[in-house]
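In my numbering, the protein residues as written are 4 to 255.
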């Protein structure tokens, strides 16, 4: 048999006897191969029991449990870092129990595929939840429609004085730019480069968000993000600010 030629001594069987029968397990035993079965009452419990085999978990990937394609595609990414992939369905109670029992309180979540619901992610509440891609408003937990004031600071050596925007239409125009950007968190960013405008966002005179428009972008308690897609660049911001104050200097 091919399995004997590989000189294998131990095999982990994933799934219950309804998926991989006892006859397979017995046949392996007859070949002198030790087996260890990891299973559960359904795919979700089996998935969690597999996750218990991993130590020092700091990042998890989540995929829909209704199909195999996303999990198969994401296995290389998760496996390269020895991180578990959680299958999620209508709720995430088993996964949350796993995190609680292992005292895992600070972790990143990467959602793979477009069919994982936000409700499933919310069920795995963490102080450091991370999607593969998301909007600036989401990482800061801010509703852009509620913004009442924006203060811009020019990071080019004091080329321009701070500019305050309180006009509702102009605020809406700029937040529309922001809402068109998708960003991804960076774990180990290089030192920022490029232009460095900074903007503070207020709701009724309370600062709720700040952004440094550098490369990478900095926001959400000084975390760094790559801009995956969007049109917000130095020229766009300068053009927008000059439409408010004609004296705004756009010299780089």
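We treat Cβ as the ideally placed atom computed from N, Cα and C, and that holds for glycine.
Quantities reported herein were computed from a predicted structural model and do not represent experimental measurements.
Check, Outcome
"Does the pairing of the region 31-41 with the region 65-74 give three or more beta-carbon distances under 8 Å?", "no"
"Count the other C-beta atoms from every protein chain shown that fall within 10 angstroms of the C-beta of residue 98, then say buried if there are 16 or more, exposed otherwise.", "buried"
"Under the DSSP definition of a beta bridge, which residues are partnered with residue 202?", "155, 214"
"Can you tell me whether residue 247 is helix, strand or coil according to DSSP?", "helix"
"Anyone know if the C-beta pair for residue 222 and residue 143 falls short of 8 Å?", "yes"
"For residue 251 and residue 189, I'd like the C-alpha separation in whole angstroms.", "32 Å"
"Consult DSSP for residue 83 and reduce its assignment to one of helix, strand or coil.", "helix"
"Could you check how far apart the C-beta atoms of residue 14 and residue 31 are, in whole angstroms? I think they sit under 8 Å.", "6 Å"
"Measuring CA to CA, which of 29, 213, 167 is closest to residue 181?", "213"
"For the region 225-237 against the region 147-156, are there 3 or more C-beta pairs whose distance is under 8 Å?", "no"
"Answer yes if the region 42-59 comes into contact with the region 5-24, meaning at least three C-beta pairs across the two stretches below 8 Å, and no otherwise.", "yes"
"Residue 62 to residue 249, Cα distance in whole Å?", "47 Å"
"Note down the Cα distance separating residue 140 from residue 172, rounded to an integer number of angstroms.", "18 Å"
"On a CA-only basis, which of 76, 84, 72 is nearest residue 60? Give me that one, please.", "84"
"Could you pull the start and end residues of the beta strand (DSSP E) that residue 186 belongs to?", "185-188"
"Just to confirm before moving on: does the CB-CB distance between residue 187 and residue 136 stay below 8 Å?", "yes"
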